[in-house]
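Enquirer:
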Amino acid sequence: MKRDDCIFCKIANGDVPSKTLFEDERFRVILDLAPATRGHALILPKEHAADLFELPEEIASGALVVAKKVAAKMSEKLHCDGLNLVQNNGEAAGQTVAHFHIHMIPRYRDDGQQINWIPGGSTEEGLEAVKREITG
Ligand code: 5GP
Ligand code: ZN
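Take 15 as the starting number for the sequence shown in our numbering and just add one per residue.
(1) So, for phenylalanine 22: in the same chain, excluding its five sequence neighbours on each side, which residues have a beta-carbon less than 7 angstroms away from its beta-carbon?
(2) Residues around ligand 2, please: the condition is that the C-beta lies closer than 5 angstroms to some non-hydrogen atom of it.
(3) Methionine 15 to isoleucine 73, Cα distance in whole Å?
(4) Between glycine 28 and ligand 1, is the CB less than 8 angstroms from at least one heavy atom?
(5) Kindly indicate which three-state DSSP category glycine 76 falls into: helix, strand or coil?
(6) Do you know offhand how far proline 31's Cα is from isoleucine 25's?
(7) So is proline 133 buried or exposed if we call it buried at 16+ other beta carbons inside 10 Å?
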């Protein structure tokens, strides 16, 4: 179902115009209004789900197939040197629009962007403990 109060529902379903790169029955891929790099795009499911936790499995798997199609186009047409897929869930993770989306960020040598985290340290015991917590 689409939500009347959700901007990405409106865009995905064509009620608000966007620069659309790809569309099928379940998805629309649009250019981001504040691009990190040239060609930065967003994969939007047409059906509302706030985030990955709410996303139906068949939409989750379909989204990566769409990413692959658009990635091939970006590589061919934009001649990007690399590509980041970024997907934020929850405010703590940097999500600002509560409608599931995957960022596709073409990367160019020396584009000056940083899509990074600070690597931490680990111990065998620490890794074992968190593995047990997640899988137990
Ligand atoms: P998030 O921070 O939730 O992972 O990413 C939201 C993204 O949506 C941002 O990169 C932002 O620039 C983009 N965005 C927000 N509103 C609009 C809009 O109305 N149209 C488009 N094309 N992009 C939007
Ligand atoms: Zn929505």
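Here a beta-carbon is modelled for each residue, glycine too, at the ideal position from N, C-alpha and C.
Expert: Taking the definition as stated:
(1) Within the same chain, phenylalanine 22 has close Cβ partners Leu58, Val111, His113, His115.
(2) Near ligand 2, meaning a beta-carbon closer than 5 angstroms to one of its heavy atoms, we find Arg17, Cys20, Phe22, Cys23, His62, His113.
(3) Computed Cα separation, rounded: 13 angstroms.
(4) Not so, every heavy atom of ligand 1 lies at least 8 angstroms from the Cβ.
(5) Secondary structure at glycine 76: helix, using DSSP grouped into helix, strand and coil.
(6) The alpha-carbon of proline 31 is positioned some 6 angstroms away from that of isoleucine 25.
(7) Classification of proline 133: exposed, given that the 10 Å Cβ count is below 16.
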